[in-house]
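S.K.:
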Amino acid sequence: MAPSVAQLPEQTPTSKLPTSPSSTSFNLFPQSRLPFSPSIFANPTSEYRGTPLWSWNKKLDLDQLLRQIDHMEEMGLGGFHMHSRVGLDTEYMGEEFMHMVKKCVERAKEKGMLAWLYDEDRWPSGAAGGLVTKEEDQFRSRHMLITPWKYGDPNRPDQAEENHSCSAVASRSELGFLAARYSIILDKDGFLVEGRRLEDSEEDFEGVWYAYVETNPPSEWFNGAYYVDTLSAPAMQRFVDLTYEPYKKAVGSEFGKTVPAIFTDEPQFALKNQLKLAHGKRDIFLPGKVVVAGSDPSLVDVEPSLHPKSLSATRVPFTRLDILRELETVRDVKVVLDTGMEADKLLYQMRADGEEGYLFICNTDRVKPSKCRVDIRGGWSATLLDTFSGKSYSFKTEVIGGWTRFHHHFHGCASLLLRLYPVTHEPCLSALETPAWTVSHELVDCAASLSEPNVLLLDIASHKLNDDTDWEAPEEILRIDNIARENLGLRQKKDAFAQPWTTSKTAPTNTISLRFRFTSTIDIQGAHLALENAAITTIALDGAPVVASSSGYWVDESISTIPLPPIPAGSHELILSLLFGPATNLERVYILGEFGVDLRGRSATIVPLALDKLAVGDYTRQGLPFYVGNVHYDFTLRVEGSGPQRTAIQVPRFVAPLLAVQLDGRDKGAIAFQPHTLDLGELSAGEYKLRITAYGNRDHAFGALHLPDGLTKWYGPDAFRTAEC
Numbered sequence: 008m009a010p011s012v013a014q015l016p017e018q019t020p021t022s023k024l025p026t027s028p029s030s031t032s033f034n035l036f037p038q039s040r041l042p043f044s045p046s047i048f049a050n051p052t053s054e055y056r057g058t059p060l061w062s063w064n065k066k067l068d069l070d071q072l073l074r075q076i077d078h079m080e081e082m083g084l085g086g087f088h089m090h091s092r093v094g095l096d097t098e099y100m101g102e103e104f105m106h107m108v109k110k111c112v113e114r115a116k117e118k119g120m121l122a123w124l125y126d127e128d129r130w131p132s133g134a135a136g137g138l139v140t141k142e143e144d145q146f147r148s149r150h151m152l153i154t155p156w157k158y159g160d161p162n163r164p165d166q167a168e169e170n171h172s173c174s175a176v177a178s179r180s181e182l183g184f185l186a187a188r189y190s191i192i193l194d195k196d197g198f199l200v201e202g203r204r205l206e207d208s209e210e211d212f213e214g215v216w217y218a219y220v221e222t223n224p225p226s227e228w229f230n231g232a233y234y235v236d237t238l239s240a241p242a243m244q245r246f247v248d249l250t251y252e253p254y255k256k257a258v259g260s261e262f263g264k265t266v267p268a269i270f271t272d273e274p275q276f277a278l279k280n281q282l283k284l285a286h287g288k289r290d291i292f293l294p295g296k297v298v299v300a301g302s303d304p305s306l307v308d309v310e311p312s313l314h315p316k317s318l319s320a321t322r323v324p325f326t327r328l329d330i331l332r333e334l335e336t337v338r339d340v341k342v343v344l345d346t347g348m349e350a351d352k353l354l355y356q357m358r359a360d361g362e363e364g365y366l367f368i369c370n371t372d373r374v375k376p377s378k379c380r381v382d383i384r385g386g387w388s389a390t391l392l393d394t395f396s397g398k399s400y401s402f403k404t405e406v407i408g409g410w411t412r413f414h415h416h417f418h419g420c421a422s423l424l425l426r427l428y429p430v431t432h433e434p435c436l437s438a439l440e441t442p443a444w445t446v447s448h449e450l451v452d453c454a455a456s457l458s459e460p461n462v463l464l465l466d467i468a469s470h471k472l473n474d475d476t477d478w479e480a481p482e483e484i485l486r487i488d489n490i491a492r493e494n495l496g497l498r499q500k501k502d503a504f505a506q507p508w509t510t511s512k513t514a515p516t517n518t519i520s521l522r523f524r525f526t527s528t529i530d531i532q533g534a535h536l537a538l539e540n541a542a543i544t545t546i547a548l549d550g551a552p553v554v555a556s557s558s559g560y561w562v563d564e565s566i567s568t569i570p571l572p573p574i575p576a577g578s579h580e581l582i583l584s585l586l587f588g589p590a591t592n593l594e595r596v597y598i599l600g601e602f603g604v605d606l607r608g609r610s611a612t613i614v615p616l617a618l619d620k621l622a623v624g625d626y627t628r629q630g631l632p633f634y635v636g637n638v639h640y641d642f643t644l645r646v647e648g649s650g651p652q653r654t655a656i657q658v659p660r661f662v663a664p665l666l667a668v669q670l671d672g673r674d675k676g677a678i679a680f681q682p683h684t685l686d687l688g689e690l691s692a693g694e695y696k697l698r699i700t701a702y703g704n705r706d707h708a709f710g711a712l713h714l715p716d717g718l719t720k721w722y723g724p725d726a727f728r729t730a731e732c
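Count the sequence shown with my numbering and you get residues 8 to 732, in order.
1. What residue does the beta strand (DSSP E) around Pro-429 start on, and which one ends it?
2. Can you tell me whether DSSP reads Gln-145 as helix, strand or coil?
3. Consult DSSP for Ser-22 and reduce its assignment to one of helix, strand or coil.
4. Measure the C-alpha to C-alpha separation of Ala-49 and Ala-421 and round it to an integer number of angstroms.
5. Need the endpoints of the beta strand (DSSP E) that Pro-570 sits in, please.
6. Provide the residue span of the beta strand (DSSP E) that contains Gln-356, from first to last.
7. Would you call the CB atoms of His-542 and Ser-557 closer than 9 angstroms?
8. Grouping DSSP H, G and I as helix and E and B as strand, with all else coil, what is Met-79?
9. With burial defined as no fewer than 16 other Cβ atoms inside 10 Å of the residue's Cβ, what is the status of Ala-491: buried or exposed?
10. If you draw a straight line from the C-alpha of Val-210 to the C-alpha of Asn-223, how long is it?
11. Relative to the C-alpha of Tyr-254, which candidate in Ala-268, Lys-341, Gln-499 has its C-alpha closest?
12. Give me the Cβ distance between Phe-229 and Gly-137, rounded to the nearest whole Å; I'm assuming they're in contact under 8 angstroms.
13. Using the Cβ count rule (16 or more neighbours within 10 Å means buried), how would you classify Ile-192?
14. Considering only C-alpha positions, which residue in the set Thr-250, Phe-661, Leu-464 is nearest to Phe-104?
15. Are the Cβ atoms of Val-614 and Asp-605 separated by less than 9 angstroms?
16. Helix or strand or just coil, what does DSSP make of Gln-71?
17. Between which residues of its own chain and Phe-709 is the CB-CB distance below 7 angstroms, once the five residues before and five after are set aside?
18. What is the rounded straight-line gap between the Cα of Phe-246 and the Cα of Ala-134?
19. In the structure shown, what three-state DSSP assignment does Ser-91 receive?
20. Please classify Phe-348 as buried or exposed, where buried requires at least 16 other C-beta atoms within 10 Å of its C-beta.
21. Closer than 7 angstroms by C-beta to Asn-473: which residues in its own chain qualify, once you throw out the five before and the five after it? Chain order, please.
22. Under three-state DSSP, which class holds Ile-330?
23. Just how far apart, CA to CA, sit Ala-617 and Val-554?
24. Leaving out five residues before and five after Glu-755 in sequence, what residues of the same chain have Cβ atoms less than 8 angstroms from its Cβ?
25. So, helix, strand or coil for His-106, using DSSP?
26. Roughly how many whole angstroms lie between the Cα atoms of Pro-724 and Phe-633?
27. If you drop the 5 nearest sequence neighbours on each side, which residues of the same chain put their C-beta closer than 6 angstroms to that of Asp-382?
28. Buried or exposed: which applies to Lys-500, given that a residue is buried once 16 or more other Cβ atoms fall within 10 Å of its Cβ?
29. Nearest by alpha-carbon distance to Leu-670: which of Val-662, Arg-660, Gln-681, Thr-654 is it?
30. Taking DSSP's pairing of strands, which residues face Trp-63 in a bridge?
31. Quick check on the burial criterion: 16 or more other C-beta atoms within 10 angstroms. Buried or exposed for Leu-464?
32. Taking all protein chains shown into account, do 16 or more other C-beta atoms lie within 10 angstroms of the C-beta of Ser-29, making it buried, or fewer, making it exposed?
33. For the putative contact between Val-646 and Leu-690, defined by C-beta atoms under 8 angstroms, what is the C-beta separation to the nearest angstrom?
34. Is DSSP giving Met-243 helix, strand or coil here?
35. Name the residue from Lys-471, Leu-593, Pro-460 whose alpha carbon lies nearest to the alpha carbon of Tyr-560.
36. Return the first residue and the last residue of the alpha helix (DSSP H) that Glu-127 is part of.
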């Protein structure tokens with residue numbers, strides 16, 4: 008929707024919250040033990056800023072790592088977690104790896120940032136990338152397998168199923184020993200007729216179940232080794248010796264300082280089907296009031312009992328309204344919509360800090376606003392803490408009948424953070440101004456420009472191996488990778504595969520050629536090919552060789568840009584050839600340039616780039632379906648009137664991650680959340696150059712593009728490869 012301009016007319020009972028539990032001696036956040044600091048809230052120190060999981064993959068380059076730390080500081084992050092991820096090609100915990108860790112800790116210390124360690128090669132913690140379990144059988148995770156199929160039984164189903172698990176889930180391996188056999192006989196209704204353990208001397212017969220103690224099969228996720236037995240103290244000591252001790256030796260002097268802690272990622276023990284843990288009877292005394300919602304329980308230990316009915320309890324129907332009404336006497340916060348209904352889309356958290364408290368409320372609906380009345384038990388005055396600006400404002404409340412009340416309008420996805428004081432305390436702060444804007448006029452005509460070249464994505468190709476003369480049918484590039492591996496007898500890439508640092512560095516002996524075809528309705532000058540592995544790839548366009556001389560990179564330093572010769576209108580053929588082996592990665596390639604792209608299903612055609620016709624709205628349908636940069640929209644803003652006017656800009660609907668606003672070349676702020684309005688301040692009458700920049704989305708060219716919208720809410724490696732129907 009087009010932006011619009013809004014202008015203002017010219018001016019003519021004290022209660023304690025529940026005490027929080029005492030803090031531990033673990034001192035990750037020492038300032039949390041001090042009184043609230045407005046200066047730290049306005050400009051948080053490193054420990055209160057974001058510290059992302061910083062993915063370390065491919066062959067690590069120290070200069071690149073240090074540059075990325077500089078970028079993270081520039082972004083306002085407080086630190087980082089050095090996290091080994093899929094694709095790491097530098098030996099995990101090796102000499103070079105530890106050198107990188109030391110240098111990154113040093114750079115973090117120079118910048119006052121925090122360098123968190125991560126204790127595993129990928130996930131879950133405990134195996135040290137398989138180093139703990141590779142040679143030591145007694146350290147491997149184990150489980151009990153209870154099955155009607157004996158080891159080696161040729162009739163067992165699903166024998167071809169491989170273990171690609173990237174967790175410690177129990178999986179049959181036939182790498183164990185027989186612990187016991189049981190005779191299990193059921194009647195026609197599935198009820199147990201006989202269940203007994205067989206003597207060693209008894210022969211097998213139909214209905215025998217076997218209990219094996221075994222380890223999981225080796226997994227590529229653990230680099231050909233096994234997950235660890237986290238219930239074994241010696242195994243865990245080995246993990247400590249291989250992980251924590253080397254870190255201590257390398258950067259231990261910064262433990263508790265630049266290195267605040269070590270991230271441990273979900274250590275596990277094998278789980279499969281299990282019975283609920285059955286405790287014996289025990290007497291416990293719980294204070295408070297007992298409320299039975301619905302019918303009284305009629306069984307105790309599976310037997311009929313009248314005991315639950317004898318409890319001194321309040322009984323209410325099992326309905327939401329009745330339960331909430333019964334809990335009214337113990338609730339601390341009530342939120343009622345202006346319709347009189349209780350709010351069900353608002354989430355709140357309340358914390359105690361001595362005599363003070365903090366109340367956070369957020370609207371979990373991303374679009375629909377909620378106009379509410381909020382009541383807090385007790386008598387409080389409040390300060391509004393603006394989490395976006397770091398500023399504090401007074402906040403109007405009133406005390407009615409032992410409750411503190413205020414009214415608030417929550418826009419979609421909006422939140423509110425209040426600092427609460429006993430009612431006798433009145434903070435001396437100004438109130439946050441909420442202007443009553445009126446729409447002045449709508450901005451329609453604009454000029455558009457791009458921050459980056461446009462993109463033609465090429466990820467469907469024909470391929471052939473070695474000396475084959477015939478091309479295979481066109482296929483998605485990531486599926487080609489696995490098809491070629493299957494034909495060459497190489498391990499396929501799925502959710503779990505061994506890290507490059509553990510695999511052989513033998514030079515590949517096979518060659519794969521990829522043929523991409525595309526059509527252009529215009530002559531193209533100055534285009535570039537963007538691809539990975541440019542140094543080892545032979546490139547030919549319409550039969551003519553292209554020199555793979557990099558002119559820079561696009562988006563990521565691993566994606567080189569190669570200048571292409573002039574491309575005339577018509578149909579074209581791009582052929583890439585490279586050596587193919589276990590460590591080879593086939594990826595999408597891209598043509599970059601000043602052109603538009605007309606996308607029709609799986610077919611994309613290069614067309615003229617009509618930026619002069621680019622309207623405010625969905626630009627992916629206006630020649631930019633794979634564009635990943637920013638789009639600048641330039642408007643002329645006219646302010647009428649005889650004197651200065653308080654003016655704001657509003658963009659009611661957009662899906663870009665962020666809108667940045669400039670006025671006459673000066674940054675004025677950003678628009679991200681409802682009500683999608685930015686105050687431009689007092690503007691004198693006249694014309695202004697208004698630029699709204701819609702930030703781009705890299706997902707347009709790098710996402711799981713073949714996955715229909717809404718198909719999944721979880722993304723892993725296989726989300727980028729469509730499956731056979």
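A virtual CB, placed ideally from N, CA and C, is assigned to each residue, including glycine.
M.R.: On the basis of the coordinates in this document:
1. By 1-based counting over the sequence shown, the position of residue 429 is 422. Run containing Pro-429: 422–429, per the beta strand (DSSP E) assignment.
2. By 1-based counting over the sequence shown, the position of residue 145 is 138. Of the three classes helix, strand and coil, the one that applies to Gln-145 here is helix, per DSSP.
3. Locating residue 22 in the sequence shown gives position 15, where the first residue counts as 1. Low local confidence applies: a pLDDT of 44 at Ser-22 is under 50, so the model's placement there is unreliable, with the coordinate-based value given in what follows. Looking at Ser-22 - three-state DSSP - the assignment turns out to be coil, as it is neither helix nor strand.
4. The residue given as residue 49 occupies position 42 in the sequence shown. The residue given as residue 421 occupies position 414 in the sequence shown. If I take the Cα positions, the gap works out to 19 angstroms.
5. As a first step, residue 570 must be located in the sequence shown, where it is residue number 563. Pro-570 -> beta strand (DSSP E) spans 563–570.
6. For the purposes of this step, residue 356 is identified with residue 349 of the sequence shown, where counting begins at 1. DSSP places Gln-356 in the uninterrupted beta strand (DSSP E) bounded by 353–360.
7. Here residue 542 is taken as the residue at index 535 of the sequence shown, counted from 1. Here residue 557 is taken as the residue at index 550 of the sequence shown, counted from 1. Note that residue 542 is Ala in the sequence shown here, rather than His. It is a contact, given that the beta carbons lie within the stated cut-off.
8. Start at 1 with the first residue of the sequence shown, and residue 79 comes out as number 72. Note: Met-79 maps to helix in three-state DSSP.
9. For the purposes of this step, residue 491 is identified with residue 484 of the sequence shown, where counting begins at 1. Buried is the call here.
10. By 1-based counting over the sequence shown, the position of residue 210 is 203. By 1-based counting over the sequence shown, the position of residue 223 is 216. The question names Val, but residue 210 in the sequence shown is Glu. If I take the Cα positions, the gap works out to 28 angstroms.
11. Locating residue 254 in the sequence shown gives position 247, counting from the first residue. Checking every option, the nearest Cα to that of Tyr-254 belongs to Ala-268.
12. Your numbering for residue 229 matches position 222 in the sequence shown. Your numbering for residue 137 matches position 130 in the sequence shown. Contact holds; Cβ gap of about 4 angstroms.
13. For the purposes of this step, residue 192 is taken as residue 185 along the sequence shown, with counting starting at 1. Flag for Ile-192 reads exposed.
14. Residue 104 sits at position 97 when you count from the first residue of the sequence shown. Of the candidates Thr-250, Phe-661, Leu-464, the one whose C-alpha sits nearest the C-alpha of Phe-104 is Thr-250.
15. The residue given as residue 614 occupies position 607 in the sequence shown. The residue given as residue 605 occupies position 598 in the sequence shown. Yes.
16. One-based indexing of the sequence shown puts residue 71 at position 64. Helix.
17. By one-based count along the sequence shown, residue 709 stands at place 702. If we look at Phe-709 and ignore the five residues flanking it on each side, it has no Cβ neighbours.
18. Taking the sequence shown and counting its residues from 1, one reaches residue 246 at position 239. Taking the sequence shown and counting its residues from 1, one reaches residue 134 at position 127. Rounded to whole angstroms, Phe-246 to Ala-134 spans 7 angstroms at the Cα level.
19. Within the sequence shown, residue 91 is the residue found at index 84, counting from 1. If DSSP states are grouped into helix, strand and coil, Ser-91 belongs with the strands.
20. Against the sequence shown, residue 348 aligns to sequence position 341. The sequence shown places Met at residue 348, not Phe. Counting Cβ neighbours within 10 Å, Met-348 comes out exposed, since fewer than 16 surround it.
21. Along the sequence shown, one-based indexing puts residue 473 at 466. Excluding sequence neighbours, Asn-473 sits near Asn-517, Thr-518.
22. As a working mapping, residue 330 is identified with position 323 in the sequence shown. Helix at Ile-330.
23. In the sequence shown, counting from the first residue as 1, residue 617 sits at position 610. In the sequence shown, counting from the first residue as 1, residue 554 sits at position 547. Going from the Cα of Ala-617 to the Cα of Val-554 covers about 31 angstroms.
24. Outside the shown range of the chain, which is 8 to 732, sits residue 755, and nothing can be said about it.
25. Position 99 of the sequence shown, counted from the first residue, corresponds to residue 106. The answer is helix: DSSP assigns His-106 an H, G or I state.
26. To locate residue 724, count along the sequence shown from 1; it is residue 717. To locate residue 633, count along the sequence shown from 1; it is residue 626. Between Pro-724 and Phe-633, the C-alpha separation is close to 20 angstroms.
27. Locating residue 382 in the sequence shown gives position 375, where the first residue counts as 1. Only Lys-341, Trp-410, Arg-412 meet the Cβ criterion.
28. For the purposes of this step, residue 500 is taken as the residue at position 493 of the sequence shown. By the 10 Å Cβ count, Lys-500 comes out buried.
29. The sequence position of residue 670 within the sequence shown is 663, counting from 1. Selected option, being the one with the closest Cα: Thr-654.
30. Working through the sequence shown from its first residue, we reach residue 63 at position 56. In DSSP, Trp-63 forms a bridge with Ser-91.
31. Counting from 1 along the sequence shown, the entry for residue 464 is found at position 457. Its Cβ being crowded by 16 or more others within 10 Å, Leu-464 is buried.
32. Position 22 of the sequence shown holds residue 29. Low confidence applies here, because Ser-29 scores a pLDDT of 44, under 50, leaving its location unreliable and the question unanswered by this model.
33. Stepping through the sequence shown from its first residue, residue 646 is reached at position 639. Stepping through the sequence shown from its first residue, residue 690 is reached at position 683. That belief holds up - the Cβ atoms of Val-646 and Leu-690 are roughly 5 angstroms apart, short of 8 angstroms.
34. Locating residue 243 in the sequence shown gives position 236, counting from the first residue. DSSP places Met-243 in helix when its eight states are reduced to three.
35. Taking the first residue of the sequence shown as 1, we reach residue 560 at position 553. Minimum Cα distance to Tyr-560 is reached at Pro-460.
36. Counting from one through the sequence shown, the residue named residue 127 turns up at place 120. Careful: Glu-127 lies outside any alpha helix (DSSP H) and carries neither H nor E.
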